[in-house]
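2 protein chains.
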Amino acid sequence: MPVNYATPAPEALFPVAGVRLGTAEAGIRKKDRRDLTLVELAPGSRAAGVFTQNRCCAAPVTVCREHLAGDGSLRALVINTGIANAATGEQGMVAARATCDAVAGLLGCAPREVLPFSTGVILEHLPVDKLIAGLPAAKADLAADHWHAAAQAIMTTDTVAKAASRRIELGGKTITVTGISKGAGMIRPNMATMLGFVATDAGIAAGLLAQLAKDAADQSFNCITVDGDTSTNDSFVVISTGAAGLELDTASPHWPALRDAVIGVAQELAQAIVRDGEGATKFISVKVGAGATAEECRQVAYAIGHSPLVKTAFFASDPNLGRILAAIGYAGITDLDAAGVRVWLGSGNEEVLVSENGGRAASYREEDGSRIMKNAEITVRVDLGRGTAAATVWTCDFSYDYVKINADYRS
Amino acid sequence: MPVNYATPAPEALFPVAGVRLGTAEAGIRKKDRRDLTLVELAPGSRAAGVFTQNRCCAAPVTVCREHLAGDGSLRALVINTGIANAATGEQGMVAARATCDAVAGLLGCAPREVLPFSTGVILEHLPVDKLIAGLPAAKADLAADHWHAAAQAIMTTDTVAKAASRRIELGGKTITVTGISKGAGMIRPNMATMLGFVATDAGIAAGLLAQLAKDAADQSFNCITVDGDTSTNDSFVVISTGAAGLELDTASPHWPALRDAVIGVAQELAQAIVRDGEGATKFISVKVGAGATAEECRQVAYAIGHSPLVKTAFFASDPNLGRILAAIGYAGITDLDAAGVRVWLGSGNEEVLVSENGGRAASYREEDGSRIMKNAEITVRVDLGRGTAAATVWTCDFSYDYVKINADYRS
Chain U
1353 MPVNYATPAP
1363 EALFPVAGVR
1373 LGTAEAGIRK
1383 KDRRDLTLVE
1393 LAPGSRAAGV
1403 FTQNRCCAAP
1413 VTVCREHLAG
1423 DGSLRALVIN
1433 TGIANAATGE
1443 QGMVAARATC
1453 DAVAGLLGCA
1463 PREVLPFSTG
1473 VILEHLPVDK
1483 LIAGLPAAKA
1493 DLAADHWHAA
1503 AQAIMTTDTV
1513 AKAASRRIEL
1523 GGKTITVTGI
1533 SKGAGMIRPN
1543 MATMLGFVAT
1553 DAGIAAGLLA
1563 QLAKDAADQS
1573 FNCITVDGDT
1583 STNDSFVVIS
1593 TGAAGLELDT
1603 ASPHWPALRD
1613 AVIGVAQELA
1623 QAIVRDGEGA
1633 TKFISVKVGA
1643 GATAEECRQV
1653 AYAIGHSPLV
1663 KTAFFASDPN
1673 LGRILAAIGY
1683 AGITDLDAAG
1693 VRVWLGSGNE
1703 EVLVSENGGR
1713 AASYREEDGS
1723 RIMKNAEITV
1733 RVDLGRGTAA
1743 ATVWTCDFSY
1753 DYVKINADYR
1763 S
Chain F
1353 MPVNYATPAP
1363 EALFPVAGVR
1373 LGTAEAGIRK
1383 KDRRDLTLVE
1393 LAPGSRAAGV
1403 FTQNRCCAAP
1413 VTVCREHLAG
1423 DGSLRALVIN
1433 TGIANAATGE
1443 QGMVAARATC
1453 DAVAGLLGCA
1463 PREVLPFSTG
1473 VILEHLPVDK
1483 LIAGLPAAKA
1493 DLAADHWHAA
1503 AQAIMTTDTV
1513 AKAASRRIEL
1523 GGKTITVTGI
1533 SKGAGMIRPN
1543 MATMLGFVAT
1553 DAGIAAGLLA
1563 QLAKDAADQS
1573 FNCITVDGDT
1583 STNDSFVVIS
1593 TGAAGLELDT
1603 ASPHWPALRD
1613 AVIGVAQELA
1623 QAIVRDGEGA
1633 TKFISVKVGA
1643 GATAEECRQV
1653 AYAIGHSPLV
1663 KTAFFASDPN
1673 LGRILAAIGY
1683 AGITDLDAAG
1693 VRVWLGSGNE
1703 EVLVSENGGR
1713 AASYREEDGS
1723 RIMKNAEITV
1733 RVDLGRGTAA
1743 ATVWTCDFSY
1753 DYVKINADYR
1763 S
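For the record, the sequence lines run as chains U and F.
If you're matching positions, the first sequence starts at 1353 in my numbering and goes up one per residue.
If you're matching positions, the second sequence starts at 1353 in my numbering and goes up one per residue.
Shown next as C-alpha cells:
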C-alpha cells in the first residue's frame, strides 16, 4: 500500500491536445495484462529527455538519445513492461530499432520520430516479435483520455498507477500539463528515473524544452531514492505538442507559470514513486541546509536516505536517531565539524531538535522522538552549519516487504 | 546463524605472552551479561591502530588517536558494549578520559597508555560510573587464556563470538598471533571496522607496526560490507608485546611470515563479521579484476556488495543477475565500456560465464545460475577489461532477518 497516495481518477487526468494513448496485451512476459503502450503525438510536437547515467544503460535508452539528438521533433513513444532490454548487447539494439521501425510504419512517420522505452527484468532478451504483433491493437486503442490506462500499463512492481495533471489559464488559453510515471524499486535516479513522461499542449522551443526537462528532473526525479540502485533504464521525457496554440519562451510573461506547472507535475510523479516504494510504510523528506555547496547537501541527504539502518529504524518507529548522525558523518564531507551539525525530526506542524554540539540536544525527550516516528510522513532536517546551500531528498522506510518483494520478483 | 563460521574453542585461542584479559558485568545497558573487558599488556608493549573516517566518530576513537600519537607504547585496552559513546559531545569525551584514568590508577600506568573502546547505541550517554565500578572485577578476572571470554564480552548483535589464532615457528621461537573482533551491522569499514584486536608476542618497532596495522586493515576489514553503513566507532588495533623475545623488522628473514600471520588472522576476523552479518544466509566474495586502478575495482565491488537488489536476489537464490550488471554500470566509472565487461558466477570448483559483450553470454544457462545460487558460499567475478588492477570485497545477502534485527534493535 502506498503512503498517502492514490491514483487520480481517470477524469482528473486532463487530455493534452495533440496526445493520444493506446494500450494492448502483447504477452511480453506475463499473460492477461496490458504490457504495451503507444503514445501518438500530433505533427509539430517536440520532446526533450534526460536519461540514466548507468554505464550499462538499456538499448532503448541509447536509441532515445540518438533520436533526440536532432531537432527534438517527435511523433510517438512506445513503452513495454516485462523485459527491460538492458544488458542485451547488439541484439537488444536491433530489437529497439525494429520496434521504432514498426511504429513508424504504422503511424506514417520516420523511425527517428519514435522513442522506445522498456522496463522489467535485465539481462533477458525482448521478444520483439510479440511486441510488434501487439502494436496494431495498441494503435486501435488510441484515445486522448487514455492517460489512466497508460499509467496502469507501464507498471511493474508498482502497486498503484502514478499520474498527475494540471490545467492553468495562460494568455486566455487553457494549457494542460499531464504526466505518468512508474517505478518502485531500483530507484536512485541519476539524471532521471525509470519512465516519467510529462506532456503539455503549450508550445516550447527545442532548446528551452531541453533545459526545462533538466530543471524538472533535478527538482523531482533526481531527488528521490528507494534503495539506492540506479536503474539501467531511467528515462524522463517532457513533451510539448503546441496544439493549444500558445508558443512560449523565457521572455513570455506566462513562462514561470508553465515552468512551475511542469515541475509541479514532475514532483508529484517522483514523490508518488517513493510513496509506492517497494515495501514502503513511511514517506520521509530529508532536508539538508546550511551547507557549503548544494552537492554536499545532496551527499548528506542521500547518505541518510540510503542507510538501511536509518530506514529500518523508521520502519520500526524507533527513534534510534544516532544512526542519522552516523550517516551524516560518513557522507563524505571530509572537513565536516560534527559539533556544528544540528538535526531536527518533524511531522506535520511539530518539529523537535534532536542533536546539537556533537551530541543529544539537552531539550530532546525520547518520547517526542517516539511520537513523531509513529507518523507516516516524517521530515528529517539537518543544518550543517557551514554555508547557505541546501538540498532535499525524498525517500521511504525499509521493511520486511522490501525484502519479500525483491526476493520474489521474477518468480 | 552465521554462514560457515564457528567460534574457535577456547583452547584453540593461543595465549599471547604479555597479554592478559578479564571481563565483568558492569550493567552498562543490560543486566546479567559481561559487557566490560579489560586487556592488560606487559611493559614494553606497543600498539598501532586505524580508525573510522566517520566525521561523527565516537569519543573513544578520538581518545585512541590522541593516545597513539606518541611512541605507541601501551599497557591496557578497556572495552564496553551497550553504549557506543558516539554523538555524545563533550560529556562523551569526559567519560572516555575518566575511563582511561580509572584503568591507569588500577594498573599503575599512565592514562595515555590506555586505549578505550565502546560499542552499542549511538546518541546515548555512557554510564561511566557503572563502567568504572566494574573495573576491579575485570582486573580480578585477568588471565592469559581469557581470549574466548573477551570475544564473547565485546559482542552486540553478533550471534557468535569471533576470534582467530595462529602459532608459527620463527628463528627457533614460537610466535603467537591471536585476535578477536565484533560487528554484525553498521558494517562498511572505512579504514577499519568496529573493534578488531590482534596481538602478537613478537616485537615490532612502532613505525613498522603502524604500517602493518594499515596493511592488515586494507586486506581485511577494509574489504567487507554488510549494510554499507560506516560506523562511528570502527577501530582496529595491532599489538606487539615483544614478550616472545624476538624483535622483527622488514630486514628480518622472518618478517614475511609474521606479516602473513597477522594479515591472515585479520582476514579471518573480518570475514567472520560478514559470515555473522545481520540476517546473513550467504557469504559472497566479489572479485573485480582487469580494472584501470584498484580504487575503481573497489568501487565496482562495493556497488555490487551494497546493492539491496543484488543482496535480496542472493537471499532468494534467484539468479536475477542483471542486477549485478546494473550495479557495475552505476558504480561511478564514467568511461566504462559495458561491452568489455565480463561477469562470472561461481561456487566451490564451479564457475560459469554469465555476461559478455554487453549482454548475456551465449553459453549461459539459467539452470547453471540457479544451481550455483543455492550455495552458501558464492563468488561473483567481474573482469572490467580495461587494465590490470584488482580488488576483493566480502559481503553477505540481505534477508528478512536483517530488517527484523534492525527494526528491533534497542528494544
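We put the beta carbon where it would ideally sit given N, CA and C, even for glycine.
Closest by C-alpha distance to residue i, when choosing among the options
i	options	result
A1691/U	D1387/F, D1423/F, E1392/F, A1439/F	A1439/F
D1612/U	E1377/U, A1713/U, T1664/U, Q1571/U	Q1571/U
V1413/F	S1425/F, V1430/F, E1708/F, P1354/F	V1430/F
T1582/F	P1660/U, A1595/U, A1562/U	P1660/U
G1548/U	A1502/U, C1649/U, C1461/U	A1502/U
Y1754/U	R1381/U, T1511/U, A1361/U, L1494/U	T1511/U
E1708/F	V1590/F, I1676/F, D1453/F	I1676/F
P1671/U	A1742/U, I1724/U, G1441/U	I1724/U
A1565/F	Q1619/F, S1517/F, H1606/F, A1516/F	Q1619/F
A1557/U	W1499/U, I1520/U, W1607/U, R1717/U	W1607/U
L1673/F	P1488/F, G1531/F, L1688/F, W1696/F	W1696/F
A1742/F	I1506/F, L1478/F, V1455/F, E1648/F	E1648/F
Close beta carbons around residue i, own chain, < 7 angstroms, minus the five adjacent residues each side
i	result
L1560/F	D1601, T1602
H1658/F	T1577, G1580
L1475/U	A1439
L1598/F	L1522, G1523, K1525, I1527, A1554, G1555
T1731/U	S1637, K1639, G1698, S1699
T1664/F	F1750
A1595/U	A1369, G1370, A1394, D1553
A1624/U	Y1357, K1514, S1533
Host beta strand (DSSP E) of residue i (start-end)
i	result
I1527/U	1525-1533
I1520/F	1514-1522
T1508/F	Here T1508/F belongs to no beta strand (DSSP E), and DSSP marks it neither H nor E.
S1707/U	1702-1708
For residue i, the residue or residues it bridges with in DSSP
i	result
T1593/U	DSSP lists no partner for T1593/U.
C1748/U	F1635/U
N1432/F	L1388/F, S1470/F
D1735/U	G1641/U, R1694/U
R1372/F	E1392/F
F1588/U	V1402/U, G1548/U
L1600/F	I1556/F
T1577/F	T1747/F
A1741/U	G1643/U
I1730/F	I1636/F
G1657/F	Paired residue(s): none; G1657/F is not in a bridge.
G1711/U	E1708/U
Same chain only: Cβ atoms within 8 angstroms of residue i, ignoring 5 sequence neighbours per side
i	result
T1509/F	A1536, G1537, E1630, I1757, Y1761
A1544/F	Because A1544/F sits at a pLDDT of 46, beneath the cut-off of 50, its placement in the model cannot be relied upon, and the following sentence gives the value as read from the coordinates. Around A1544/F: G1401, V1402, F1403, T1404, A1569, F1573, N1574, D1586, S1587, F1588.
G1422/F	R1464
S1715/F	V1704, L1705
Rounded Cβ spacing between residue i and residue j (contact assumed at less than 8 angstroms)
i	j	result
A1655/U	I1680/U	7 angstroms
A1378/U	D1387/U	6 angstroms
G1472/U	G1434/U	4 angstroms
A1295/U	T1389/U	The structure shown has nothing for residue 1295/U, since chain U only spans 1353 to 1763.
V1355/F	K1634/F	6 angstroms
A1644/U	G1739/U	4 angstroms
Same chain, Cβ closer than 6 angstroms to residue i, neighbours up to 5 away in sequence not counted
i	result
Q1651/F	A1683, G1684
G1444/F	A1411, N1437
A1622/F	S1572, F1573, I1576
Y1752/U	none
V1504/U	Just to set this straight, residue 1504/U is Gln in the shown sequence, not Val. Closer than 6 angstroms at the Cβ level, and outside the excluded window around Q1504/U, lie A1513.
R1694/U	E1708, D1735
Opening and closing residue of the alpha helix (DSSP H) in which residue i lies
i	result
L1458/U	1441-1459
P1660/U	1660-1667
H1419/U	1411-1420
M1725/U	1718-1725
D1612/F	1607-1627
A1678/U	1674-1681
K1491/F	1480-1492
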